[in-house]
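Numbering (my numbering), first residue to last: 3 to 230. In this text, a Cβ means the ideal position worked out from N, Cα and C, and glycines have one as well. Since this is a predicted model, take the numbers as computed values, not measurements.
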Ligand code: TYD
């Protein structure tokens, strides 16, 4: 069993069971709270988003939703990267490169950050990944294409429902055959999602703008249009 900040992973035969906790954290764990139903909401959103991606030709870990807060998933060897796809400028992009919140990027941008708390998740390019032995150039290039394709599919889903997907974070692993597979989570915790200037993602929590659960529930209702 492995326990992270928001999930518990247990072996289940050749697969795994992911249990989503009610914990919500921000700023490298500096801010931490427990909110009722948060785990089940993020779990169900992840299940439905991954199902949608599966149906659109993306290979994901998702096998089955076990209500209220568990997923039956493929066992992966995770690659320690956060893969961020940005359609608009926000957050750390603005801190690094300037610009204004919500400003359009001319085309979707894929970034890698290395999951390492001590080093504060440094930004990395493909050369770093290869030279530091984090992953091969071929796998890194495959991840870039998969992440871009997945983000565009999700953006289309949200566009059709009147929401703007500003950016999103993915995590990848290799399955038992060494194939790149989308893992982890797809939820309001891992994306910036806006509608008419209103915030429906973890920025509500990061910036103390009210009760995030109420916003997360709106996203869940939307995702219920995707059948399981
Ligand atoms: P980013 O702008 O890099 O960081 P921050 O949110 O700290 O300003 O985040 C881009 C998107 O990726 C945003 O929707 C949040 C998500 N993300 C995570 O889910 N986990 C992470 O560890 C990071 C760095 C980003």
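Inset, instruction - Starting from residue 28, trace the beta strand (DSSP E) both ways and give me its first and last residue. - result: Segment 25-28, the beta strand (DSSP E) holding residue 28.
Inset, instruction - Return the residue from the list 129, 170, 120, 143 that minimises the CA-CA distance to residue 95. - result: Measuring from the Cα of residue 95, the nearest candidate turns out to be 170.
Inset, instruction - Go ahead and pull the three-state DSSP assignment for residue 8. - result: The DSSP-derived three-state label of residue 8 is coil.
Inset, instruction - Please say whether residue 202 and residue 190 have beta carbons closer to each other than 9 Å? - result: Residue 202 sits close to residue 190, with the two beta carbons spaced by under 9 Å.
Legend entry - At least 3 beta-carbon pairs within less than 8 Å: the segment 216-229 vs the segment 29-47: These segments touch.
Legend entry - Nearest-angstrom beta carbon gap, residue 139 and residue 148 [assumed within contact, 8 Å]: In fact, because the Cβ distance is near 15 Å, the residues do not count as touching under 8 Å.
Inset, instruction - Closer than 6 Å by C-beta to residue 235: which residues in its own chain qualify, once you throw out the five before and the five after it? Chain order, please. - result: In the structure displayed, the chain extends from 3 to 230; residue 235 sits before or after that span and is not available.
Inset, instruction - Could you tell me which uninterrupted alpha helix (DSSP H) segments, each at least 4 residues in length, are contained entirely in the segment 59-144, listed from first to last along the chain? - result: Qualifying alpha helix (DSSP H) stretches, in chain order: 93-99, 128-133.
Legend entry - Stretch pair the segment 71-86 + the segment 17-32: three plus CB contacts closer than 8 Å: Between the segment 71-86 and the segment 17-32, the count of C-beta pairs closer than 8 Å reaches three or more; the two stretches touch.
Legend entry - Identified DSSP bridge partners for residue 174: According to DSSP, residue pairing for residue 174 in a beta bridge involves 184.
Inset, instruction - Report the residue from 196, 143, 192 whose alpha carbon sits nearest the alpha carbon of residue 160. - result: The alpha carbon of residue 160 has as its nearest neighbour, out of 196, 143, 192, the alpha carbon of 196.
Inset, instruction - Compare the Cα-Cα distances from residue 16 to each of 47, 6, 63 and report the closest residue. - result: Minimum Cα distance to residue 16 is reached at 63.
Inset, instruction - State the CB to CB distance for the pair residue 104 and residue 90, rounded to an integer number of angstroms; the pair is presumed to be in contact (CB under 8 Å). - result: That belief holds up - the Cβ atoms of residue 104 and residue 90 are roughly 5 Å apart, short of 8 Å.
Legend entry - Closer than 8 Å: residue 191 CB and nearest the ligand TYD heavy atom: Yes, the beta carbon of residue 191 sits closer than 8 Å to at least one heavy atom of the ligand TYD.
Legend entry - residue 20 - containing alpha helix (DSSP H), residue span: Going by DSSP, residue 20 is part of no alpha helix (DSSP H) but of the beta strand (DSSP E) stretching over 17-22.
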